[in-house]
């Protein structure tokens with residue numbers, strides 16, 4: 052299980068500070084599919100980066116009893132001066148994974164060809180998304196964090212993402228943040244709405260979307 056207790060986050064603005072997350076409490080159980088709806092700027096990406104250990108909260112704590120991925124659409128963790136291969140190697144070292152076990156899948160799924168050996172700063176957003184997703188699928192996690200990554204790429208890439216994540220890894224927990232209810236309706240069992248720094252829980256996705264759409 053993954054437990055968030057009293058998570059708070061502020062960001063400085065010209066007029067002072069804005070509280071993006073205010074006393075967020077959340078539990079993710081093994082195999083659970085959780086959707087978090089929120090408008091642009093509501094703090095969805097901040098919340099998922101905190102869960103993935105990319106961003107540090109101002110207050111609160113996270114207890115992790117399951118392994119958890121980095122946010123799948125978050126490419127800033129890649130070093131632009133390094134090649135795709137070097138980034139794969141670096142991530143494998145962090146997660147104590149043998150690159151020889153990971154590389155064939157990454158090469159096949161990302162379809163980057165020779166560009167895997169070019170600096171990632173030269174990649175398009177689609178190329179970064181393919182590499183990010185491929186690495187995430189190649190390393191085994193109990194819980195996958197998704198920041199709207201399934202909206203990236205062409206129809207074929209979306210189908211491959213769907214197969215890898217939702218069919219082959221259907222027993223994994225998922226946390227999906229989005230401002231589009233379609234993906235959350237398709238994937239998730241339960242849903243939350245992040246609004247004005249507070250996380251509102253709903254037992255079903257339709258109730259969450261009704262609240263979200265009401266403004």
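Numbering (my numbering), first residue to last: 52 to 266.
No residue lacks a Cβ here, since even glycine has one placed at the ideal position from N, Cα and C.
Note that the coordinates shown come from a computational prediction; the quantities given were computed from them, not determined experimentally.
* To do: Indicate the three-state DSSP secondary structure (helix, strand or coil) for residue 213 in the structure shown.
  => helix
* Can the beta-carbon of residue 117 be found closer than 9 angstroms to that of residue 194? -> yes
* Please report the residue range of the beta strand (DSSP E) in which residue 229 lies. => 224-229
* Please work out which residues of its chain come closer than 6 angstroms, Cβ to Cβ, to residue 189, disregarding the five sequence neighbours upstream and downstream, and give them in chain order. => 153, 156 and 157
* Classify residue 232 as helix, strand or coil using the three-state DSSP reduction. => helix
* **Option nearest residue 145 by Cα separation, candidates 134, 85 and 186** => 186
* Beta carbon of residue 264, beta carbon of residue 83: below 9 angstroms? -> no
* Asked: Which one of 139, 196 and 151 has the shortest CA to CA distance from residue 169?
  -> 139
* To do: With a threshold of 16 other CB atoms inside 10 Å of the CB of residue 174, please say whether the residue is buried or exposed.
  => buried
* **Beta-bridge pairing of residue 22 - partner residues as DSSP gives them** => With the chain running from 52 to 266 in the structure shown, residue 22 is simply not present.
* **Proximity winner among 151, 141 and 206, relative to residue 183 (alpha-carbon distances)** => 141
* **Reduced DSSP category for residue 137 - H, G, I as helix; E, B as strand; rest coil** => helix
* C-alpha gap between residue 143 and residue 266, whole angstroms -> 43 angstroms
* Asked: With a Cβ-Cβ cutoff of 9 angstroms, do residue 270 and residue 93 count as a contact?
  -> No information on residue 270 is available, as it lies outside the stretch 52 to 266 that the chain covers here.
* **Euclidean distance between Cα positions of residue 227 and residue 220** => 15 angstroms
* To do: Work out the CA separation of residue 103 and residue 178 for me, nearest whole Å.
  => 22 angstroms
* Local Cβ density within 10 Å of residue 80, reported as buried at 16 or more and exposed below that -> exposed
* **Distance CB(residue 86)-CB(residue 234) smaller than 9 angstroms** => yes
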